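**Student:**
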Amino acid sequence: LASACRRRRAPGLPERALKGSARYRGGLEESWDGPSTRGEWNSGGAGWWGGSSSSTSGWWDERWDEGWWKGGSGAWGKHSDTEREAERPGRSQNWHESDVDGRSEGGSCTDGESAVRSQGASSDAATGRVGALQGRNPWKRFTDAAAKLSQEKTAGLMQGGDAVGSAASDAGSSVRKGSGGGESQDAASLPHPTAMGEPHPRLRVNAPAARQLSPGQSRHAARVHAAESQEEAAERLKKLDALRRKRAEDAKREVEEQRRRVDEILLPVSSDGYLELAASLYHPGTCGWLFKEVDRWWRDSESRLFVLEGSAGFGKTTFLGALCTSRPEIARASFFCRHDCSLRQDARWLVRSLASQLAHQWQKISLHLEQTGITSEELEEMTARVMLPELLREPLEVSADELPPKLAFVIDGLDEREASAVPAVHNIQRLIELCFHELPTRIVFIVSDRPGGQWATRANKLKPHVVSIDGSPRHDEDIELFARDVVLPGLVPSGQELDAAAAALRRRVGGHFLHARLARAILARWTGERQRLTAAIVEGLLPDTASGTIGAYLGPLLREPEPGDMIGPSARSLLLAAAVAPTPLPAGRGAAELVEGCPAAAVPVSVAKVAQLFPVVDGHLAAVHQSVTDWFKKERGPDGLQAAMLRAHAGLTRRCLPLLRAVCEAQRLCAPVPEGGPKHTARHYAVKHGLLHTWAAQGEVSAELQVEAQQLLFDARYIRARCHYFPQEYEAQELEDAARWLPQLASPLRLLRSALFVSIRAVRQLPKAHVPEQVWDRAQKAVITRCTPPRTYQLPKNPTLSRLVARIDEECRGDEGLKWLLTLTPVLDAFSAGAAAMLAAHTQWVMALHTYRLADGALRLVSGGGDCTICVWADVEQGLPPLRTLEGHSDHVRALASYALPSGARRLASGCSDSTLRIWDPESDGGAIAVLDKHTDWVRGLTVFTAADGSTRLASGSSDSTIKVWTVEGDSFSEVRTLEGHERMVMKLAAYDSQGAPRLVSGAADRTIRIWDPEGDPSMLRVLEGHKHWVTALETFADSAGEPRLASGCVDSTIFIWNPETGGRPLYCCEGHTDWVCEITSFVGADGRKHFASCSADRTVRVWDAERGGESLAVLEGHGTWIRALSSFSSADGSPLLASGADDCTIRIWRV
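Note that the UniProt record's numbering has the sequence shown beginning at 1, numbered continuously upward.
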């Protein structure tokens, strides 16, 4: 109390009341040193009840927190829990409360830290305790008692510490009595200082001397003691602050380390650079109406999807960048799509990047992502739909108590997706349409797209709110404001002339912010030669089309150097190189390494000159907008532009090939980095695009360089580097580009690309720590491929692939870095032995195959996969990517069938594990024409047959044990009947004609095959029994005499041949498979006889002679996994081909 009173400068308290204070240091009490003869306040003295200059507060804290107090008589008492809790709120809020056991509000702490906190507590702690007990100002009673004490006797009456102790005790007692509380009022008064224990030895010796000091010496000693105490308190505070800073730094490092670990798993694509670029282009005052639209939607709308539609260059990206910067409480995570970066068009990296940004904001999300144990290798095998619950939905649900009531994901540039950049299964628009509604309802979405996109209307579960920029008068006002503030100042006088010129510019640029920026440079060139610029001149100088504006801006920059050249040769070379580069060129030293005619000293100036169109983002020259690169690709441009672009390709070739050779010769490769990231160097660019520039340069590069580039295509070390830096399957686009440029190598190049697809997936399944023998053994088991041809003929060899296989075997076995390439050899062996092609597009199992021909005879192969997609293929023998991908199912696609309309158009039916049938136009990119959802379980079988009246019927079999027959009238469908009789799930369906009447065949898990009349009696005609397990495959065909035959496959690995018209026992049995028979297909062999083929879970395809009692003709082993689907068709020359689909996500084409 004395220490606290000293801080308040209470008058009338004699110095001797403080001079005689007991001091507590290091657990020892010091003796009462007696009163002073002077009755003045000692500002440097230490109070007997703690204070900033003594340790007594720590001593008292320990006893008070234990609930004990000591009275003046020396007896210990304990206050009630109610009193203890009542006083706690009064303690100083500048310190964490520290209990006896060392715990605090901020978390657990060490005993030493607790002591530091206790010893360093200020006198405010004591003030708060007494204040809480008193209920009102405690100092008045204390100072009154002290004043009364000084009035009784001045110097002679006070001879020792007893009087002082009595006064202090009286003051403390009056304080406690003022608390108004129960038993504590009757307890002993506060402890007398002399009762605190034995005096400190040092003070016990010096105590007599202290009484003999003169007043001046006494004041000096008090100042010395006060200074020492203040230094000790300052040191304690310093240590405490250092400890707190250390703990804060440790916590910060731990959080950063956790975020780093999460990012190592997610491998996100950062949008910070493009976000900063977009925000920097925003002009204050524009787009105010869009901000209001977003605010209104955010507050009032039930919609979860805000769609901003606008033409290219209208400022969508700039507005969203400003929104993310100025409204962080709305935009919590963002993703900016880019036409020049495949990862920025991939839905998987959208999910990864959003999850990373959330983990950086909420530690609970970060902890959840780390504790799930998911690895980056496992993420590589996932589609975006599988990632979504793992990386976003579940973490958001777990962290719901920490999240705000509403937060938005901003996704910009859906219109910048290149059709061939990534597979359709990774389409961001389809992910938003089909899956984003599964996220918690607190998550809303703000996206931008060009007008006319139909995906937003199909995302009806998100209740899209669409705002269009095109044609909006408020957008025109924004363009005029931008023209007055940015484009025209300094070129047109202010006032009415400026307003008229701004209106003229708005009419010419047509709402394009980008072209309004370029207009300033165009107009500045004119004003450099003349004096005055008017509205009429502005309207006459500027083109009225977007491409015209870009051309007017670029024209003078791309011309050959002339006197007074505006840009210079170095900047011109850099501009052309950036224009022809498929992905952003590295800036800085990377630009000097890649661009001919642009030395390192000239790079900074050149980069600044091209920054209007190619600003630096994350250390790369990125096009400011897709329309800029489109202009170079599609517009003719000024004279000589095409030749200049060919020379730019040639220059990049000459710079990239030496870098590529150095990478191939390197014993150790640096770690892969995300494409377009800040660590993406010139060598990374050379590995991915160096060969592409060789083909694009055409005749501008020497024959020696062309030959070297062709050799590198099949060089094992180049393949290693290519797959090391860019392991994504679809990233091997340069092999497809080379196949178009080099038709003589098209077949081996496409086969190599498919082989890489399989091998990379096999390598990902290998353990991280392995020895070469394990690599080879596991590779053989994963992708072992052999082709045993029919005995009647030999398949031709592919010499190019044979040489590559030999080279891989020779070079890779002694090189640790190339060991994984050994997985290529068994795959390529199959191709070199004559397998026609391998198709790779699905990211999960291939579960269904179907072939048909269009009215013009063109062949189509259709595949359904476990990735919920359907791929339509053409020119399958060439190994080309699919024509299109149909999406809409939400589970595995298990069955396919097709039929022709009277108009000649084709329709495709698909059955899925989501219990639905969907009808598609396979020659268009639209969604499903119809959805039939009468089944209650998986749809496993489909077949099409012709009714007696010539109409088309569709039959579907399901795991709900029923078969449904549907009428087909154009694009309208209705259920005719339901056939019931199977006791377990229906696995397959087939149909045949019985003397003009249709017959339906079903195989089920009840081990039976049933024959039905789909138009007559709904009861079955007959039951075929003989299989010992599930019937999993059916195929009908006619023998040489025209009699119907039925082939059935079973889980017990047998194949039975039946006469479905007579029933009875099977005609014969085909044995050879060692596991499930999954599919059977029939065809006419090259010898003119009827054959059929079967695929199995034993990883083989077997060919049988149907007219020789099921004689085995060939065994095709190419898939390293379960083969689930099989289909037969004829090539252009009439030779039979087989297509097989398996769990390795590929489709193999076989010549049989």
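The C-beta atom is built at its ideal place from N, Cα and C for all residues, glycine as well.
These numbers come from a predicted model, not from an experiment.
What residue range is occupied by the uninterrupted beta strand (DSSP E) comprising R1010?
**Tutor:** As a working note, residue 1010 is residue 1010 in the sequence shown. Looking at the DSSP string, the run of the beta strand (DSSP E) that includes R1010 is T1008 to W1012.
**Student:** In the DSSP assignment, what are the bridge partners of K964?
**Tutor:** Walking along the sequence shown from the start, residue 964 turns up at place 964. According to DSSP, which records beta bridges pairwise, K964 is partnered with S956 and T978.
**Student:** Would DSSP call F306 helix, strand or coil?
**Tutor:** Indexing the sequence shown from 1 puts residue 306 at position 306. Three-state result, F306: strand.
**Student:** With burial defined as no fewer than 16 other Cβ atoms inside 10 Å of the residue's Cβ, what is the status of R299: buried or exposed?
**Tutor:** Here the question's residue 299 lines up with position 299 in the sequence shown. Answer is exposed; the Cβ neighbour count stays below 16.
**Student:** Using the rule of at least 16 other Cβ atoms within 10 Å of the residue's Cβ for burial, across every protein chain shown, is S1023 buried or exposed?
**Tutor:** Taking the first residue of the sequence shown as 1, we reach residue 1023 at position 1023. It is Val, not Ser, that sits at residue 1023 in the sequence shown. In the assembly as shown, V1023 is an exposed residue. Its beta-carbon has fewer than 16 other beta-carbons within 10 Å.
**Student:** Since R484 is in the beta strand (DSSP E), which residue starts that stretch and which ends it?
**Tutor:** In the sequence shown, the residue the question calls residue 484 occupies position 484. Segment: none, R484 is in no beta strand (DSSP E) and carries neither H nor E.
**Student:** Spatial neighbours of L350 within its chain, please: CB distance less than 6 Å, with the 5 preceding and 5 following residues excluded, ordered by chain position.
**Tutor:** Position 350 of the sequence shown holds residue 350. If we look at L350 and ignore the five residues flanking it on each side, its Cβ neighbours are F335 and I428.
**Student:** Return helix, strand or coil for Y1068, following the three-state DSSP convention.
**Tutor:** Reading the sequence shown from its first residue, position 1068 is the one you call residue 1068. Three-state result, Y1068: strand.
**Student:** Pairing CB atoms from the segment 487–500 with CB atoms from the segment 444–457, are three or more of them under 8 Å?
**Tutor:** no
**Student:** Can you tell me the Cβ-Cβ gap for A703 and G651, rounded? I've got them flagged as a contact below 8 Å.
**Tutor:** Counting from one through the sequence shown, the residue named residue 703 turns up at place 703. Counting from one through the sequence shown, the residue named residue 651 turns up at place 651. Their Cβ separation, rounded to whole angstroms, is 17 Å, which puts A703 and G651 out of contact at 8 Å.
**Student:** Measure from the alpha carbon of F726 to the alpha carbon of each residue in H283, S342 and G315, then state which is nearest.
**Tutor:** Taking the sequence shown and counting its residues from 1, one reaches residue 726 at position 726. Looking at the Cα atoms, S342 is the closest of the given residues.
**Student:** For G857, does the count of other Cβ atoms within 10 angstroms reach 16, so buried, or fall short, so exposed?
**Tutor:** Sequence index remark: in the sequence shown, residue 857 carries index 857 (1-based). The residue in question, G857, is exposed, as its Cβ has fewer than 16 Cβ neighbours within 10 Å.
**Student:** Shortest alpha-carbon distance to R472 belongs to which of S311, L613 and A611?
**Tutor:** In the sequence shown, counting from the first residue as 1, residue 472 sits at position 472. Residue 472 is actually Ser in this sequence, not Arg. Considering only alpha carbons, the answer is S311.
**Student:** Using the three-state DSSP reduction, which class does V1077 fall into: helix, strand or coil?
**Tutor:** Here residue 1077 is taken as the residue at index 1077 of the sequence shown, counted from 1. Strand.
**Student:** How close, in whole Å, do the beta carbons of R506 and E480 come, if the pair is a contact with beta carbons under 8 Å?
**Tutor:** Translated into positions along the sequence shown, residue 506 becomes position 506. Translated into positions along the sequence shown, residue 480 becomes position 480. About 5 Å separates the two Cβ atoms, so the contact holds.
**Student:** How would you call E773, buried or exposed, if buried means at least 16 neighbouring beta carbons within 10 angstroms?
**Tutor:** To locate residue 773, count along the sequence shown from 1; it is residue 773. Note that E773 scores a pLDDT of 39, beneath 50, so its modelled location is shaky; the value from the coordinates is reported in the next line. Per the 10 Å Cβ criterion, exposed.
**Student:** Along the chain, where does the beta strand (DSSP E) containing P543 start, and where does it finish?
**Tutor:** Here the question's residue 543 lines up with position 543 in the sequence shown. Taken as a continuous stretch (DSSP letters only), P543 belongs to no beta strand (DSSP E), as it is neither H nor E.
**Student:** Is there contact between the segment 858–869 and the segment 839–850, where contact requires at least three CB pairs shorter than 8 Å?
**Tutor:** yes
**Student:** Pairs of beta-carbons, one from the segment 361–368 and one from the segment 250–262, closer than 8 Å: are there three or more?
**Tutor:** Three or more beta-carbon pairs drawn from the segment 361–368 and the segment 250–262 are found closer than 8 Å, and the two stretches are therefore classed as touching.
**Student:** How long is the line joining the alpha carbons of S1140 and L462, rounded to whole angstroms?
**Tutor:** Residue mapping note: residue 1140 aligns to position 1140 of the sequence shown, counting from 1. Residue mapping note: residue 462 aligns to position 462 of the sequence shown, counting from 1. Cα to Cα, S1140 sits roughly 39 Å from L462.
**Student:** Over what stretch of residues does the beta strand (DSSP E) that includes R525 continue unbroken?
**Tutor:** The residue labelled residue 525 in the question sits at position 525 within the sequence shown. Unbroken run through R525 is the alpha helix (DSSP H), F513 to T527; no beta strand (DSSP E).
**Student:** Mind checking who L932 pairs with in its DSSP beta bridge?
**Tutor:** Here the question's residue 932 lines up with position 932 in the sequence shown. Per DSSP, L917.
**Student:** Residue ranges of each beta strand (DSSP E) run of no fewer than 3 residues wholly in the segment 281–327, ordered along the chain?
**Tutor:** DSSP assignment within the segment 281–327 yields the following whole beta strand (DSSP E) runs of 3 residues or more, N-terminal first: 305–309.
**Student:** Would C1095 and I1123 qualify as a contact pair, given that the criterion is a beta-carbon distance under 9 Å?
**Tutor:** Start at 1 with the first residue of the sequence shown, and residue 1095 comes out as number 1095. Start at 1 with the first residue of the sequence shown, and residue 1123 comes out as number 1123. Contact flag set, yes.
**Student:** Going by alpha carbons, who is nearest to V846 out of P543, L323 and T1121?
**Tutor:** Counted from its first residue, the sequence shown places residue 846 at position 846. It is T1121.
**Student:** Under 6 Å Cβ to Cβ from V444, same chain only, skipping five residues before and after it: list those, please.
**Tutor:** Locating residue 444 in the sequence shown gives position 444, where the first residue counts as 1. Excluding positions up to five away in sequence, the list reads R304 and A408.
**Student:** To the nearest angstrom, report how far apart L1021 and D1013 are at their CA atoms.
**Tutor:** Position 1021 of the sequence shown, counted from the first residue, corresponds to residue 1021. Position 1013 of the sequence shown, counted from the first residue, corresponds to residue 1013. Roughly 7 Å separates the two Cα atoms.
**Student:** Using C-beta distances below 6 Å, list every residue in its chain close to R655, excluding the 5 sequence neighbours before and after it, in chain order.
**Tutor:** Stepping through the sequence shown from its first residue, residue 655 is reached at position 655. Closer than 6 Å at the Cβ level, and outside the excluded window around R655, lie L594.
**Student:** For L849, which of F1129, F482 and E433 has the nearest alpha-carbon?
**Tutor:** The residue labelled residue 849 in the question sits at position 849 within the sequence shown. The shortest Cα separation from L849 among F1129, F482 and E433 belongs to F1129.
**Student:** Near A644, which residues of its chain fall below 8 Å by C-beta distance, leaving aside the five closest residues on each side in sequence?
**Tutor:** On the sequence shown, residue 644 is found 644 positions in, with the first residue counted as 1. These residues qualify, in order along the chain: L558 and L576.
**Student:** Once the 5 residues before and after V603 are set aside, which same chain residues still bring their CB inside 7 Å of it?
**Tutor:** Against the sequence shown, residue 603 aligns to sequence position 603. Here the set comprises G588, A591 and A592.
**Student:** Take every Cβ of the segment 965–978, pair it with every Cβ of the segment 1049–1068, and state whether three or more of those distances are shorter than 8 Å.
**Tutor:** no
**Student:** Tell me where the beta strand (DSSP E) around H689 begins and ends.
**Tutor:** As a working note, residue 689 is residue 689 in the sequence shown. Not the beta strand (DSSP E): H689 falls in the alpha helix (DSSP H), residues A682 to A696.
**Student:** From K1090 to S1040, what does the alpha carbon distance come to, in whole angstroms?
**Tutor:** Within the sequence shown, numbered from 1, the residue matching residue 1090 stands at position 1090. Within the sequence shown, numbered from 1, the residue matching residue 1040 stands at position 1040. If you take the alpha carbons of K1090 and S1040, they lie about 7 Å apart.
**Student:** Quick check on D993: buried or exposed, where buried means 16 or more other Cβ atoms within 10 Å of its Cβ?
**Tutor:** Your numbering for residue 993 matches position 993 in the sequence shown. D993 is exposed by the Cβ-count criterion.
**Student:** Please report the straight-line C-alpha distance between L392 and C1145, rounded to a whole angstrom.
**Tutor:** Here the question's residue 392 lines up with position 392 in the sequence shown. Here the question's residue 1145 lines up with position 1145 in the sequence shown. Just so you know, the alpha carbons of L392 and C1145 end up roughly 26 Å apart.
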